[in-house]
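In my numbering, the protein residues as written are 232 to 725.
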Amino acid sequence: MTHDRTTAPTSIVVFGGTGDLAKRKLFPAFFNLFIDEWMPVHFQIIALGRKPFDQEGFRAYVLENLKEFSRNKQFTEEQWTSFSEKITFLNFDITDENSFLHLNEKLTAFDVTCDNRANRLFYLSVAPNFIDSVSSSLKKAGMADEVKKDRIIIEKPFGYDKASAVALNQLLNQNFQEEQIYRIDHYLGKETVQNILAFRFANTVFEPLWSNRHIESVQITVAEQVGVEDRGGYYDHSGALRDMIQNHLLQILCMVAMDAPVEFESSLVRDKKAEILKTVRRIKPEDINHYTVRAQYTDGEINGKAKKAYRQEPGVDSNSNTETFVAMKFYIDNPRWQGVPFYMRTGKSMAQKKSCVIVNFKEVPNKTFVNGTDRLQRNQLTINIQPEMDIRLSFMAKKPGLDMTLNPVEMVFDYFESAPDSPEAYETLLIDALDGDSTLFMRSDQVEEAWDIIATIQEEWENGTYSPMHTYPAGSWGPEAADELLSRQGHRWL
Ligand code: BG6
Numbered sequence: 232m233t234h235d236r237t238t239a240p241t242s243i244v245v246f247g248g249t250g251d252l253a254k255r256k257l258f259p260a261f262f263n264l265f266i267d268e269w270m271p272v273h274f275q276i277i278a279l280g281r282k283p284f285d286q287e288g289f290r291a292y293v294l295e296n297l298k299e300f301s302r303n304k305q306f307t308e309e310q311w312t313s314f315s316e317k318i319t320f321l322n323f324d325i326t327d328e329n330s331f332l333h334l335n336e337k338l339t340a341f342d343v344t345c346d347n348r349a350n351r352l353f354y355l356s357v358a359p360n361f362i363d364s365v366s367s368s369l370k371k372a373g374m375a376d377e378v379k380k381d382r383i384i385i386e387k388p389f390g391y392d393k394a395s396a397v398a399l400n401q402l403l404n405q406n407f408q409e410e411q412i413y414r415i416d417h418y419l420g421k422e423t424v425q426n427i428l429a430f431r432f433a434n435t436v437f438e439p440l441w442s443n444r445h446i447e448s449v450q451i452t453v454a455e456q457v458g459v460e461d462r463g464g465y466y467d468h469s470g471a472l473r474d475m476i477q478n479h480l481l482q483i484l485c486m487v488a489m490d491a492p493v494e495f496e497s498s499l500v501r502d503k504k505a506e507i508l509k510t511v512r513r514i515k516p517e518d519i520n521h522y523t524v525r526a527q528y529t530d531g532e533i534n535g536k537a538k539k540a541y542r543q544e545p546g547v548d549s550n551s552n553t554e555t556f557v558a559m560k561f562y563i564d565n566p567r568w569q570g571v572p573f574y575m576r577t578g579k580s581m582a583q584k585k586s587c588v589i590v591n592f593k594e595v596p597n598k599t600f601v602n603g604t605d606r607l608q609r610n611q612l613t614i615n616i617q618p619e620m621d622i623r624l625s626f627m628a629k630k631p632g633l634d635m636t637l638n639p640v641e642m643v644f645d646y647f648e649s650a651p652d653s654p655e656a657y658e659t660l661l662i663d664a665l666d667g668d669s670t671l672f673m674r675s676d677q678v679e680e681a682w683d684i685i686a687t688i689q690e691e692w693e694n695g696t697y698s699p700m701h702t703y704p705a706g707s708w709g710p711e712a713a714d715e716l717l718s719r720q721g722h723r724w725l
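Next comes the structure, spelled out in C-alpha cells:
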C-alpha cells in the first residue's frame, strides 16, 4: 500500500480475458497504471479466452473498451501502442491440458527475455466451478510454484455458502501457499473505504469517541440505481445477501469497527478484521425476522424511466424468491461496541446510487441549550463512499445574530477538491498484488467468518418460515419494513 513503482518483471495472466470484468475493469486498470508509470518496466499481459480473436483483433477490442471504460480517456497513440505491444491473446480451453502447456511456453519465453524467472500474477476471473480445475492445472504444470513470485487473484463470489467457501479454501491451500492467494473485494480498493482507517487511526480527535460511550448507532448503506441488467442468470442464484452483504458491506463494517493494528502491516490488519467478524453476534433462526428484512423490486420508475419488476428481468425466474434488497441489524459483542446497533442496507433499483457510512453520536448529556421540549440535533459523521466522496461532520453552532439560537452546520472534507482524478479501486488492488502486498485482500478466515455470520439467515430464508419477502417499487428506498426495523428502537434511516 505504500510503494514506489513496482520493479520486478511480471507476466500477468488473465483467465476470463474476454469477459466483462476484463473489459470494464482489468484492462482499463492495467492501462491507467501503465500510463501513470506504476507498472513494471518489463511486463506482459496474456489474456485467455475462447472467443475467436487474432492478436490484432483482440488489441482493437481492448482499445475500444479503453475508450469507453478507462478513467483516463485522454491518452496518446504512442501510449496505446506501447501498452498494446505487451498484450497477447491466447485461445484457451480451461479443460484442455494442451492449453496449459502452451501457456507455460509463453511464460517461459518471457522469462528468457528477462534473464530471470519473472513474477507471475494469475487473475482468475472465471465462474467458481472452474477454479478447481484451473488451480489444479496450474499446480500440475508447476507454473505457480515460486511462493515469493507467483500470486493468484480470485474474484468473487468466493463460494456460495460457508461449506463451499471452506472447501474452496482447502482446495486452494492444497495447490498454493496462503500468502500466494489474493481474494479480491473491490470495495477495499476504494479510496474512501481505505481512508476510513487513516481517518480513525491517524488522528487523535476521533478514536477516543469511537465506542459505545459516545456512539448511538451506525448505518451502512450501499444503494444502487441499476437493476440486475444482463446478470439475471447469476444474480437469481445469489441475491443481495450473498452478492453484497457477505462481502462488501461486512468489509466496510470491519473498517469501521476494528481495533487499531499495532502497525499497518498485512497480517496485523487482517487479524484485527477477522477479530471483528468473530465478534459479530450470530442471529438465531427464530430472531431472523426481528433482525432482517428482505425484499424484491416490483415495477416502478427510475430517473423518469419505467423500470420493470425483478421477476421480469432477463434470466430471472418469473416466480423467483431471490431478494434484491436487504436491511439488517447487527451487534458486535465486544467491550467497544456492546449495545450499539449497526444497521446495514443494500438494494438494486433504488431511488439513488449512494454508498455511505453514517455514525450517529449520542445526545449531549447536559441540558445547557435544551429549551423546553426542543432537542439538539445529534452530531453525525458521514463518510460518503460514492458517488459523492467526502467526510462530513455535523455539529451544532450558534446562528449569527443577537440571540442565542443554535442550528446544525457541517464541516466537509471533499476528495474531488483534493484529488479530482483518484485511482479506481482495481488499480489500487492490482498494484498491491503486483507488489505482493495483501493488506487489502481477504484472508481465508475472514471469508469463512463472513459466510458464518450470514449462514442462519441464508438457511432461514431458503427453508424457513419466519421471514416474509417484502416488495418495493423500483426507484424507491425499499420496503416500509426496513424503516420499521429501525423505528422499533427510535432510529431512522438517514
Ligand atoms: C459487485 C456486485 O460485487 O459489486 C454487483 O456483484 C454490484 O451486483 C457491484 O453492482 C457494485 O460495485 P460498485 O463499485 O459499482 O459499487
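For glycine and all other residues, C-beta sits at the position ideal for the given N, C-alpha and C. No experiment lies behind these values; they were computed from the predicted model shown.
Quiz item: What are the uninterrupted segments assigned as beta strand (DSSP E) that are 3 or more residues long and contained completely in the stretch 572-647, given in chain order?
Solution: The stretch 572-647 contains these whole beta strand (DSSP E) runs: 573-578, 585-592, 611-617, 621-629, 637-645.
Quiz prompt | C-beta contact flag for glycine 463 and glutamate 544 at 7 Å | solution = A contact, by the Cβ cut-off of 7 Å.
Quiz prompt | Per DSSP, the bridge partner or partners of arginine 382 | solution = Leu352
Exercise. Classify lysine 579 as buried or exposed, calling it buried when 16 or more other Cβ atoms lie within 10 Å of its own Cβ.
Key: buried
Practice problem: In angstroms with no decimal places, state the Cα-to-Cα distance between threonine 696 and asparagine 552. | Solution: 13 Å
Quiz prompt | Minimum C-alpha distance to phenylalanine 246 - residue among Arg674, Ala650, Phe261, Asn322 | solution = Comparing Cα-Cα distances from phenylalanine 246 to each of Arg674, Ala650, Phe261, Asn322, the minimum goes to Asn322.
Quiz item: Who pairs with asparagine 534 in a beta bridge, going by DSSP?
Solution: Paired residue(s): none; asparagine 534 is not in a bridge.
Quiz item: Can aspartate 474 be considered in contact with ligand 1, in the sense that its beta carbon sits closer than 6 Å to one or more heavy atoms?
Solution: yes
Quiz prompt | Rounded C-alpha distance that separates glycine 280 from isoleucine 685 | solution = If I take the Cα positions, the gap works out to 34 Å.
Quiz item: Are there three or more Cβ pairs, one per stretch, closer than 8 Å when the stretch 237-252 is compared with the stretch 346-362?
Solution: For the pair of segments examined, the stretch 237-252 was found to touch the stretch 346-362: the number of CB pairs separated by less than 8 Å reaches three.
Quiz item: What's the gap between the Cα of aspartate 502 and the Cα of leucine 264?
Solution: So the two alpha carbons sit approximately 29 Å from each other.
Exercise. Express the C-alpha separation of methionine 374 and leucine 332 in angstroms, rounding to a whole number.
Key: Their Cα atoms are separated by approximately 10 Å.
Practice problem: Using alpha carbons as the reference points, say which of Val357, Val272, Lys387 lies closest to histidine 479. | Solution: Lys387
Quiz item: Straight-line CA distance for alanine 540 to alanine 340?
Solution: Roughly 52 Å separates the two Cα atoms.
Quiz item: Among Lys256, Leu637, Ala491, which has the Cα closest to the Cα of tyrosine 354?
Solution: Ranking Lys256, Leu637, Ala491 by Cα distance to tyrosine 354 puts Lys256 first.
Exercise. Would you mind reading off the limits of the alpha helix (DSSP H) that contains lysine 370?
Key: 359-371
Quiz prompt | Top-ranked residue by Cα proximity to glutamate 410, from Glu679, Glu693, Ser675 | solution = For the residues Glu679, Glu693, Ser675, the minimum Cα distance to glutamate 410 belongs to Ser675.
Exercise. Assign valine 560 to one of three DSSP states: helix, strand, or coil.
Key: The displayed chain sequence assigns lysine, not valine, to residue 560. The answer is strand: DSSP assigns lysine 560 an E or B state.
Quiz prompt | Between the CA atoms of leucine 499 and asparagine 610 - distance to the nearest angstrom | solution = 32 Å
Quiz item: Considering only residues of the same chain and omitting the five flanking positions on each side of lysine 504, which have a CB-CB separation below 7 Å?
Solution: Cys485, Met489, Gln677
Exercise. Under the assumption that serine 669 contacts serine 497 (Cβ atoms under 8 Å), give the Cβ distance between them as a whole number of angstroms.
Key: 5 Å
Self-check item: Pairwise C-alpha distance: histidine 417 and alanine 491
Solution: 22 Å
Quiz item: Taking the alpha-carbon positions, what's the asparagine 303 to leucine 399 distance?
Solution: Whole-angstrom Cα-Cα distance: 36 Å.
Self-check item: Alpha-carbon to alpha-carbon, glutamate 268 and proline 566
Solution: 46 Å
Quiz prompt | Three-state secondary structure assigned by DSSP to histidine 445 | solution = Note: histidine 445 maps to coil in three-state DSSP.
Exercise. Put isoleucine 325 into one of helix, strand or coil per three-state DSSP.
Key: Looking at isoleucine 325 - three-state DSSP - the assignment turns out to be coil, as it is neither helix nor strand.
Quiz item: For arginine 719, which of helix, strand or coil comes out of DSSP?
Solution: coil
Exercise. Starting from serine 242, follow the beta strand (DSSP E) in both directions and report where the run begins and ends.
Key: Residues 241-246.
Quiz prompt | At least 3 beta-carbon pairs within less than 8 Å: the stretch 679-694 vs the stretch 423-436 | solution = With the cut-off at 8 Å, the stretch 679-694 and the stretch 423-436 do not touch.
Self-check item: Alpha carbon of glutamine 425 to alpha carbon of valine 590, nearest angstrom
Solution: Computed Cα separation, rounded: 17 Å.
Quiz item: To which residues of the same chain is asparagine 317 closer than 7 Å at the C-beta, ignoring the five residues directly before and after it?
Solution: The sequence as given places lysine at residue 317; asparagine does not occur at that position. Within the same chain, lysine 317 has close Cβ partners Phe274, Gln275, Ile276.
Self-check item: 8 Å contact criterion, which serine 586 and valine 453 should meet: CB distance rounded
Solution: 4 Å
Exercise. Would you identify the three-state DSSP class for glutamine 677, choosing helix, strand or coil?
Key: helix
Self-check item: Contact check, threonine 687 vs proline 516, beta carbons under 7 Å
Solution: yes
Quiz item: What residue from Val459, Ala628, Met673, Pro704 has the CA that sits closest to alanine 582's CA?
Solution: When C-alpha distances from alanine 582 are compared across Val459, Ala628, Met673, Pro704, the shortest belongs to Pro704.
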